[in-house]
Amino acid sequence: MLVGKLVFNQSDRTEFVFRVFTTATEFQILLFLLFLLLYLMILCGNTAIIWVVCTRSTLRTPMYFFLSNLSFLEICYTTVVVPLMLSNIFGAQRTISLAGCGAQMFFFVTLGSTDCFLLAIMAYDRYVAICHPLHYTLIMTRKLCAQMLVGALGLALFLALQLTALIFTLPFCGHRQEINHFLCDVPPVLRLACADIHVHQAVLYVVSILVLTIPFLLICVSYVFITCAILRIHSAEGRRQAFSTCSSHLTAVLLQYGCCSLVYLRPRSSTSEDEDRQIALVYTFVTPLLNPLIYTLRNKDVKDALRNAIIRKAASDTN
684 MLVGKLVFNQ SDRTEFVFRV FTTATEFQIL LFLLFLLLYL MILCGNTAII WVVCTRSTLR
744 TPMYFFLSNL SFLEICYTTV VVPLMLSNIF GAQRTISLAG CGAQMFFFVT LGSTDCFLLA
804 IMAYDRYVAI CHPLHYTLIM TRKLCAQMLV GALGLALFLA LQLTALIFTL PFCGHRQEIN
864 HFLCDVPPVL RLACADIHVH QAVLYVVSIL VLTIPFLLIC VSYVFITCAI LRIHSAEGRR
924 QAFSTCSSHL TAVLLQYGCC SLVYLRPRSS TSEDEDRQIA LVYTFVTPLL NPLIYTLRNK
984 DVKDALRNAI IRKAASDTN
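Below is the structure:
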């Protein structure tokens, strides 16, 4: 097992610094305020979804159970990255220790992988709901939902631990290494190793296929069956509602899997560090921000629940 071999060959004084976005003070302030605003919007939007799902009994279904967990993952996912990122925008480059970099990479990969697995589980939930509506409650039991969620998290933890352990057995020459990124992501850290990394690149591709390609293929298969079932619905209103429910999930899938695939599945020869950093901004900020908007703006149940909660809150404040 790689876990038992997690030995840092370099000295404990090895540190990393993140490359700054800009040295111009005006742009630093602008970027700080922009990223802070996006982060606060992510926290508020996803917290609102969790609160509504937990407080409204009509939303205590498998679909909203997975949606609330997706929102919780998005909060954790961005929190692993953004506070440290904000602290490095101003002033001199702040260092992060070898252990700190490894910890951030582990949690980032774990949460990102769980996110991808959860999207695949949500596709299966939609498949059962649309293709087998009469057996939905019998199939999607609370026990099965909890087992799938725990299984997704367990597999993500296992893959992240193995990948992080493998990477941090590499030697990093020099006391201070600059990462051309705003977090300790796998590709930019691998580029700093002063050793042969072909095996590590191969392992990264294998993990990426397990996390991205296989779940995405399962989602595609699910939606083939879902589309066939929707087209057999005679009612135009029924077809519209079914497509509306699925389109929210498909939008989230395309954003998450598309951006991550560009970073982790493209050949190294066709990628640049600057491109990877720009794409990473999308799945660090845009995807977690759009997910609550997508699911609230296109989901009547969530919109109604939020509206009723706001009305009740306003009424209680006036009394």
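Residue numbers for the sequence shown follow the working numbering, beginning at 684 and rising by one. Glycine included, each C-beta is placed from N, C-alpha and C at the ideal position.
How would you label residue i, buried or exposed, when you count the other beta carbons within 10 angstroms and need 16 or more for buried?
{"i": "L756", "result": "buried"}
{"i": "Q787", "result": "buried"}
{"i": "N991", "result": "exposed"}
{"i": "G728", "result": "buried"}
{"i": "L717", "result": "exposed"}
{"i": "T797", "result": "buried"}
{"i": "H868", "result": "At residue 868 the sequence reads Asp, which differs from the His that was named. Buried: at least 16 other Cβ atoms inside 10 Å."}
{"i": "G834", "result": "exposed"}
{"i": "A988", "result": "buried"}
{"i": "P871", "result": "buried"}
{"i": "V682", "result": "In the structure as shown, the chain starts at 684 and stops at 1002, and residue 682 therefore has no counterpart that could be examined."}
Taking just the CA atoms, how far does residue j sit from residue i?
{"i": "R777", "j": "L714", "result": "17 Å"}
{"i": "S999", "j": "S754", "result": "27 Å"}
{"i": "L750", "j": "N974", "result": "9 Å"}
{"i": "T730", "j": "I758", "result": "8 Å"}
{"i": "R922", "j": "I913", "result": "6 Å"}
{"i": "P950", "j": "L972", "result": "29 Å"}
{"i": "H818", "j": "V936", "result": "26 Å"}
{"i": "L846", "j": "V985", "result": "38 Å"}
{"i": "H864", "j": "C856", "result": "18 Å"}
{"i": "F704", "j": "L840", "result": "31 Å"}
{"i": "L721", "j": "H917", "result": "42 Å"}
{"i": "A782", "j": "A806", "result": "36 Å"}
{"i": "Q860", "j": "C877", "result": "11 Å"}
{"i": "T852", "j": "C943", "result": "25 Å"}
{"i": "R825", "j": "P745", "result": "7 Å"}
{"i": "H883", "j": "Q830", "result": "31 Å"}
{"i": "I822", "j": "K983", "result": "24 Å"}
{"i": "I902", "j": "S930", "result": "13 Å"}
{"i": "L719", "j": "S770", "result": "11 Å"}
{"i": "F748", "j": "V736", "result": "7 Å"}
Under a three-way DSSP split, which group does residue i fall into?
{"i": "R960", "result": "helix"}
{"i": "R739", "result": "coil"}
{"i": "I916", "result": "coil"}
{"i": "I880", "result": "coil"}
{"i": "R825", "result": "helix"}
{"i": "S955", "result": "coil"}
{"i": "T706", "result": "coil"}
{"i": "C911", "result": "helix"}
{"i": "R949", "result": "coil"}
{"i": "F899", "result": "helix"}
{"i": "F841", "result": "helix"}
{"i": "P854", "result": "coil"}
{"i": "L832", "result": "helix"}
{"i": "F718", "result": "helix"}
{"i": "G926", "result": "Looking at the sequence provided, one finds Phe at residue 926 rather than Gly. If DSSP states are grouped into helix, strand and coil, F926 belongs with the helices."}
{"i": "L866", "result": "coil"}
{"i": "V686", "result": "Any reading at V686 needs caution, since the residue's pLDDT is 45, under 50, leaving its predicted position unreliable; the model's value is listed next. Helix, per DSSP."}
Since residue i is in the alpha helix (DSSP H), which residue starts that stretch and which ends it?
{"i": "V700", "result": "First-last for V700: E698 to F701, but that is the beta strand (DSSP E), not the alpha helix (DSSP H)."}
{"i": "R874", "result": "V869 to R874"}
By the DSSP assignment, the beta strand (DSSP E) with residue i in it spans what residues?
{"i": "I892", "result": "That residue, I892, is in no beta strand (DSSP E); it is neither H nor E in DSSP."}
{"i": "R859", "result": "R859 to I862"}
Taking only beta-carbon atoms, is residue i less than 8 Å away from chain C?
{"i": "A843", "result": "Within the model displayed, chain C is absent; a lone protein chain is all it includes."}
At 3 residues or longer, and completely inside the segment 740 to 822: list those beta strand (DSSP E) runs for me, N to C.
778 to 780
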